[in-house]
Each structure stands twice: as C-alpha cells, then as structure tokens.
Amino acid sequence: MGYAFTVADRARAEADAPLTNILPEAIAERLKERPGETVADSVAEASVMFSDLVGFTELAQRLGAERTVALLDQIVTEFDRLAVAHGVEKIKTTGDGYMAVAGLSRPQDDHLERLARMALRLPDLVSRRLMA
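Numbering-wise, our numbering puts 265 at position 71 of the sequence shown, and it's gapless, one number per residue.
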C-alpha cells in the first residue's frame, strides 16, 4: 500500500513539474486546485530584475562546457537561495541571465526594496564563486 502511494506521489510530482517550471508557484497551485478557472490577475505595482553576468561568454570559452555548466549551476543555486531569503520570485534563467520579480504573485509593499537588497548582494556572490 505504501509503495502505491509513493508511486502515485512521484507521478503527480512529475506531472506538476512542467506547470511549476513555467508559472509562479501561487498561480500553478490555483490552476491545480481549480483546473477550469481562468487566472487573470491585475497587479498595480511590482518590480522586475534582470541580471546578466558581464564577460561570461569569454569566461565560458576559457572554462569549457563542463566547468561552465557547473559554475552556472552554483551561481543560479545561490541566486535562488537569495531570492527565497528576500521574498523574491525567480521567473527564469537563460544562460547567464536571471529574471526575478517581487510583488507579482503576492502583494508586497516593499517589492522594490526586496529586489534592490537582493541585487546588491549579487556581485559579491558572483565574485566569490569565480574566485573559488
């Protein structure tokens, strides 16, 4: 019986993965709870951050594919931790680009400050990773 629940839970998680990869968690949850409902929220104010690692293309050429992927994985993982710590939501990563928002899925009066605090930590984080 326990095995059947484990298999069912794993199948449910695999089915939900694409939804949670492309949508904010709060929206994905709403769609799962009420599948036929249209989600069309209006947000008066939110903040968006785009970051790009300057000079990363040249660095990637020197490092090679395997080391580049490992470095990007470390950096993005730390960016994700920072996002959670600041109440910011990652939207997506593309190569060395990172997009995050605050105040979109849930109202936050301090959405700009949250993103600014996170953004100010990124250069030091990247420098430490590059020096490691």
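Where is the CB? At the ideal position from N, CA and C, for every residue including glycine.
Can you give me the C-alpha to C-alpha distance between residue i and residue j, rounded to a whole angstrom?
i, j, result
"T262", "G230", "42 Å"
"R323", "L265", "8 Å"
"A220", "D303", "18 Å"
"R315", "M293", "15 Å"
"F250", "L225", "37 Å"
Mark residue i as exposed unless 16 or more other C-beta atoms lie within 10 angstroms of its C-beta, in which case mark it buried.
i, result
"E307", "exposed"
"V295", "buried"
"S236", "exposed"
"E227", "exposed"
"S321", "exposed"
"A222", "buried"
Can you list, in chain order, the residues of its chain whose CB lies under 7 Å from that of residue i, leaving out five sequence neighbours each side?
i, result
"T287", "V270"
Quick test of your reading: residue i and residue j, contact by CB under 8 Å. State the CB separation rounded to the nearest angstrom.
i, j, result
"M312", "H280", "4 Å"
"L319", "E252", "With a Cβ gap of about 20 Å, L319 and E252 do not count as contacting."
Excluding five sequence neighbours on each side, which residues of the same chain lie with their C-beta closer than 6 Å to the C-beta of residue i?
i, result
"G291", "D246"
"Q268", "R323"
"A254", "T262"
So, for residue i: in the same chain, excluding its five sequence neighbours on each side, which residues have a beta-carbon less than 8 Å away from its beta-carbon?
i, result
"V402", "Residue numbering for the chain in the displayed model covers 195 to 326; residue 402 lies beyond these limits and cannot be assessed."
When the Cα of residue i is compared with those of the options, which residue comes out closest?
i, options, result
"A259", "G289, V248, I285", "G289"
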